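Residue numbers (this note's numbering), protein chains in the order written: chain U, 208 to 763; chain W, 4 to 168.
These notes concern the structure reproduced below.
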Amino acid sequence: MYKYDEFDETFVSERVAQFREQVARRLSGDLSEDEFRPLRLMNGLYLQLHAYMLRVAIPYGMLSSAQMRKLAEVARTYDRGYAHFTTRQNIQFNWPKLEDTPDILEELASVEMHAIQTSGNCIRNVTADQYAGVDPEEIDDSRVWSELIRQWSSLHPEFTFLPRKFKIAVTGSPHDRTAVKFHDIGLIIKRGPDGEIGFEVLVGGGLGRTPMIGRTVRDFLPKQYLLSYLEAILRVYNQLGRRDNKYKARIKILVHETGIDALRDMVEAEWASVKEEGVDLPDAEVDRVRSYFSDPEYLTLPDHDHTFQVKQFEDPTFGRWVRANLAPHKVPGYVIANISLKPIGGAPGDATSAQMTAIADLADKYSLGEMRVAHEQNLVFADVKKSDAYALWKQLNEIQLGTPNLGLISDIIACPGLDYCSLANARSIPVAQRLQRRFADIKRQFDIGALTLNISGCINACGHHHAGHIGILGVDRRGEEYYQLTLGGSADENASIGKIVGPAFSGAEIVDAVELVVETYLKLRNSGEKFIETYRQLGETPFKNALFGEKQNAAA
Amino acid sequence: MPLLKEGQIVTDPWVRVEDDADISGETAVVVSLKRWLDEAETLKSRNAPVAVALSNDQSPSQLVDDLDSIDAVFLTFPAYTDGRAYSQARLLRQRYGFQGEIRATGNVLRDQYAFMQRCGFDAYDVAEGIDLAGWGRSAGAMSEVYQTATDDVQTIWAKRQGTAA
Numbered sequence: 208m209y210k211y212d213e214f215d216e217t218f219v220s221e222r223v224a225q226f227r228e229q230v231a232r233r234l235s236g237d238l239s240e241d242e243f244r245p246l247r248l249m250n251g252l253y254l255q256l257h258a259y260m261l262r263v264a265i266p267y268g269m270l271s272s273a274q275m276r277k278l279a280e281v282a283r284t285y286d287r288g289y290a291h292f293t294t295r296q297n298i299q300f301n302w303p304k305l306e307d308t309p310d311i312l313e314e315l316a317s318v319e320m321h322a323i324q325t326s327g328n329c330i331r332n333v334t335a336d337q338y339a340g341v342d343p344e345e346i347d348d349s350r351v352w353s354e355l356i357r358q359w360s361s362l363h364p365e366f367t368f369l370p371r372k373f374k375i376a377v378t379g380s381p382h383d384r385t386a387v388k389f390h391d392i393g394l395i396i397k398r399g400p401d402g403e404i405g406f407e408v409l410v411g412g413g414l415g416r417t418p419m420i421g422r423t424v425r426d427f428l429p430k431q432y433l434l435s436y437l438e439a440i441l442r443v444y445n446q447l448g449r450r451d452n453k454y455k456a457r458i459k460i461l462v463h464e465t466g467i468d469a470l471r472d473m474v475e476a477e478w479a480s481v482k483e484e485g486v487d488l489p490d491a492e493v494d495r496v497r498s499y500f501s502d503p504e505y506l507t508l509p510d511h512d513h514t515f516q517v518k519q520f521e522d523p524t525f526g527r528w529v530r531a532n533l534a535p536h537k538v539p540g541y542v543i544a545n546i547s548l549k550p551i552g553g554a555p556g557d558a559t560s561a562q563m564t565a566i567a568d569l570a571d572k573y574s575l576g577e578m579r580v581a582h583e584q585n586l587v588f589a590d591v592k593k594s595d596a597y598a599l600w601k602q603l604n605e606i607q608l609g610t611p612n613l614g615l616i617s618d619i620i621a622c623p624g625l626d627y628c629s630l631a632n633a634r635s636i637p638v639a640q641r642l643q644r645r646f647a648d649i650k651r652q653f654d655i656g657a658l659t660l661n662i663s664g665c666i667n668a669c670g671h672h673h674a675g676h677i678g679i680l681g682v683d684r685r686g687e688e689y690y691q692l693t694l695g696g697s698a699d700e701n702a703s704i705g706k707i708v709g710p711a712f713s714g715a716e717i718v719d720a721v722e723l724v725v726e727t728y729l730k731l732r733n734s735g736e737k738f739i740e741t742y743r744q745l746g747e748t749p750f751k752n753a754l755f756g757e758k759q760n761a762a763a
Numbered sequence: 004m005p006l007l008k009e010g011q012i013v014t015d016p017w018v019r020v021e022d023d024a025d026i027s028g029e030t031a032v033v034v035s036l037k038r039w040l041d042e043a044e045t046l047k048s049r050n051a052p053v054a055v056a057l058s059n060d061q062s063p064s065q066l067v068d069d070l071d072s073i074d075a076v077f078l079t080f081p082a083y084t085d086g087r088a089y090s091q092a093r094l095l096r097q098r099y100g101f102q103g104e105i106r107a108t109g110n111v112l113r114d115q116y117a118f119m120q121r122c123g124f125d126a127y128d129v130a131e132g133i134d135l136a137g138w139g140r141s142a143g144a145m146s147e148v149y150q151t152a153t154d155d156v157q158t159i160w161a162k163r164q165g166t167a168a
C-alpha cells in the first residue's frame, strides 16, 4: 500500500500542529464556536448529541495492521473502547474530548493517518473498490488513482469552501462495489478504443433527501487528464452550485437544474483551458504512486486445496462462510475474505478495541499485514491462502467476527441514528438488531439469498436506504419514531433508487413489515431468482398488497 | 477597514464610488462591473488608478479585454464559507494573466489566508486590531502543498520529480 514520503509526513504533521493551535484558540475563547466550527469540521470533528465525534479518513479503505492497532489504541485510550466503520470507508470515534483531539491526530499521524476533509464542504475522503488489485475482473487498480486524488484534493486552495460536501468514488472493475453512481463524481475505469486506460466520468449522483443516479458527463477521459478534468468540474460547480439552500447545494441539483448537456458544455469548455495549465501530473509521479500498489510476492500455489474443500463438508458453517464471505482472487490458491462486522445483534460496523487488535494480528498472520474497509461497513482480507481460510475463520469466531452473512439480509448497512447523531429522527441500530434477530437463522438467510437491507435514521440517508433492495428510513411523526419502507434500490452497476411503499410503520411494526416483504418474495420468486430480480419483474404491487391489503391499496 | 498587503497594514488609497458618483478628480476609485462596462473609455482616460469590484456571480471573463487598463480587482467573501471568489481570483491571475492587485473583501479571516494567497489574492481587507503575527503563523502553517495553484510555491509533486514548478 501507499507509504508516506518526507513530504506527505511534513504535510500531515504540520496539519496536526495547525489544528492544535486552532483548538487552543477555541479553548482560550479567541475563537467563537461559530468561527471554530468549520475549522474543526475540516478536520473531521463533529459535535453530536452527547459528545464530539472524530471521523478519521481511511483513504480508499486501505489499512495496514499497524494502523489498525493504532486505531484500537485510540479507541482504548481516548474513547470508550470501540469505534464505528462508516459507509464511506472511514472510522468514527464517538466520545473523544475536544482537548484530546490534537493528541489523537498526532497519534494517527505517526501511522500515516489523518482526519483531513472527512467533513465540511470540501472534497471528502475518496473511496474505491475494496477488492482493488486482487479482483480477477479488474481493468486497473482504483487505489492508484484514488491516492492521486487524495493528494490533489488535500487542502486544495480553491475547493475548500464549496457549496456543499463533495464525494468522489473510483471503481476499476466492471462489477461495481463502490456505489459509484451515487457519488458527486463517479469514476469508472475502462479501456478506450485503442486499449488504453481511462475513465467514464459520472457527475451528480447522490443519496440524501433528493436521491439521484449520476449522469455520464464524459464517456472516455484518457487517464493523463484525470486531475485537470476534476478541476474543471469542481470549478464549474464552485461558481454555479446553489448556495441559497443547503438542501439544493449538491452538484446533483446543478445537474438537474442545468441539464447534463448544458453542464457538459460548461465543463468541457473549462477543461479545454485547464488542461493547458499544468494541473495534470507527469507520468513519473503516477508511476511512483503505482509502484506502491504493485503485487506482493505471491506464492505459486495449486488452485485446489484439499483441506479447504474437506473442511467445508466437515463444518457446514465454515462452508456457508466460504460461500457468502469469500470471493475469487486473481492469483491461484488465494481468496478474498470478507470479515462481517454484522454479528447478529451487534451494532453494524462497530468493532471493539480488542477485536481491532485481534484483526490486526490476523492480518499479519494471514493477509500480508493489510486489510480494507468496505462501504458496506465490513472488513476485507484481500490476500488469504485457501489453505489458511479455515484457520482464519476459526480465529475470527473467537472474536465473534466469523458470521457467514456477507450480502445476506443480516448484513445490514445502518447509520448511527438517534443513539448518537444530532440530525437523526429515529434510531437505526436497535431496528437493525431486531431485524438481525428475526432473521438470525442462517439457513433461512441462505434460502432468502442475496439481499441488501439498508437503514437510515433520517432523510440525509447516511445508511443508504434508497440504495438498498429493502430500505428503511426513520421519520419523526409527532415525536414518535416511524419507519418508511422503500423497495427496489440497488447500489451496484445497475443502480436504482428504491421506491417508497405506503405509509410508514411504527417501531413495533417495522420488523414484521420487512418479514412480510421477504415472505412475499419467497412465495413469488422463480427458482434461482434474487430478491431484486423478482422485484424488478413484478414491481411493487404484490408487496404493497401483502403489506396493506389489496383493498386499501386499490383505494389509495 | 485596515488593508493588509505583504504582511503589513498599509494605507488604503482606494475609494469605492457609487455608479452615479462624480469621479472627475484624481482619486483611485473602485467601480462596479456595470459602471466599468458602461463607461470604460471615460475611466481609461482618467489620470488616476481604477479598480473594478466583482460580485460573486460576475465572471472575470467580462474584463478580459480590459485588464491592462485596470489596476485592481476587488472580490468578495460574503461569508468565508462562500468560496466563489477563489475561483474568480484564479481565473484572473492564472488564465487571464492579470498583474494588478486582487483584493479580498468581506469576511476575510486568517484561517483562509494561505488559501487566498495560493489563489492569487495579494491584498486583504481585514478587521481592526488583527493579530499580525498570528496571521503570519497561519500563512506559514503548511509549508508543503500538493497541487499547483496560482502562486509560485514549488509543489510536492514538482519536488518529487526534481523539477521546478
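C-beta: ideal position from N, C-alpha, C; glycine also.
Note that this is a predicted model, so its numbers are computed, not measured.
Buried or exposed by the 16-neighbour rule on C-beta atoms within 10 Å, applied to residue i
i, result
"residue 19 (chain W)", "exposed"
"residue 629 (chain U)", "exposed"
"residue 167 (chain W)", "Bear in mind that the predicted position of residue 167 (chain W) carries a pLDDT of just 41, short of 50, making it too unreliable to give a figure here."
"residue 146 (chain W)", "exposed"
"residue 275 (chain U)", "buried"
"residue 320 (chain U)", "buried"
"residue 623 (chain U)", "buried"
"residue 744 (chain U)", "exposed"
"residue 498 (chain U)", "exposed"
Bounding residues of the alpha helix (DSSP H) (the contiguous stretch that carries residue i)
i, result
"residue 208 (chain U)", "No alpha helix (DSSP H) holds residue 208 (chain U); DSSP gives it neither H nor E."
"residue 196 (chain U)", "Absent from the structure is residue 196 (chain U), since the part of chain U shown begins at 208 and ends at 763."
"residue 608 (chain U)", "No alpha helix (DSSP H) contains residue 608 (chain U), which DSSP labels as neither H nor E."
"residue 731 (chain U)", "717-731"
Collapsed DSSP secondary structure at residue i in the structure displayed
i, result
"residue 738 (chain U)", "helix"
"residue 301 (chain U)", "coil"
"residue 368 (chain U)", "coil"
"residue 119 (chain W)", "helix"
"residue 11 (chain W)", "strand"
"residue 621 (chain U)", "strand"
"residue 514 (chain U)", "helix"
"residue 541 (chain U)", "strand"
"residue 52 (chain W)", "coil"
"residue 627 (chain U)", "coil"
"residue 167 (chain W)", "Confidence at residue 167 (chain W) is low in this model, with a pLDDT of 41, below 50, so its placement is unreliable and no value can be given for it."
"residue 72 (chain W)", "helix"
"residue 243 (chain U)", "helix"
"residue 325 (chain U)", "coil"
Test: residue i CB closer than 8 angstroms to a CB of chain W
i, result
"residue 361 (chain U)", "yes"
"residue 733 (chain U)", "no"
"residue 574 (chain U)", "no"
Among the options, the one whose alpha carbon lies nearest that of residue i
i, options, result
"residue 305 (chain U)", "U:270, U:254, U:334, U:264", "U:254"
"residue 509 (chain U)", "U:693, U:290, U:593, U:228", "U:593"
"residue 21 (chain W)", "W:128, W:104, W:54", "W:54"
"residue 398 (chain U)", "U:372, U:416, U:427", "U:427"
"residue 542 (chain U)", "U:549, U:532, U:551", "U:532"
"residue 169 (chain W)", "W:122, W:132, W:32", "Not covered by the structure: residue 169 (chain W). The range shown for chain W is 4 to 168."
"residue 316 (chain U)", "U:299, U:222, U:404, U:350", "U:222"
"residue 679 (chain U)", "U:246, U:722, U:228, U:494", "U:722"
"residue 671 (chain U)", "U:413, U:212, U:355", "U:413"
"residue 719 (chain U)", "U:707, U:658, U:649, U:644", "U:644"
"residue 324 (chain U)", "U:295, U:343, U:301", "U:295"
Start-to-end residues for the beta strand (DSSP E) that takes in residue i
i, result
"residue 269 (chain U)", "269-271"
"residue 291 (chain U)", "289-292"
"residue 36 (chain W)", "Per DSSP, residue 36 (chain W) belongs to no beta strand (DSSP E); it is in the alpha helix (DSSP H), 36-48."
"residue 578 (chain U)", "577-580"
"residue 89 (chain W)", "Per DSSP, residue 89 (chain W) belongs to no beta strand (DSSP E); it is in the alpha helix (DSSP H), 87-93."
"residue 406 (chain U)", "404-410"
"residue 591 (chain U)", "586-592"
Residue i: CB within 7 angstroms of a non-hydrogen atom of the ligand ATP
i, result
"residue 219 (chain U)", "Ligands are entirely absent from the displayed structure, and the ligand ATP is therefore not among its contents."
Test: residue i CB closer than 8 angstroms to a CB of chain U
i, result
"residue 144 (chain W)", "yes"
"residue 167 (chain W)", "With a pLDDT of only 41 at residue 167 (chain W), under the threshold of 50, the placement of this residue in the model should not be trusted, and no figure is reported."
"residue 150 (chain W)", "yes"
"residue 176 (chain W)", "The question about residue 176 (chain W) has no answer, for chain W in this structure spans 4 to 168."
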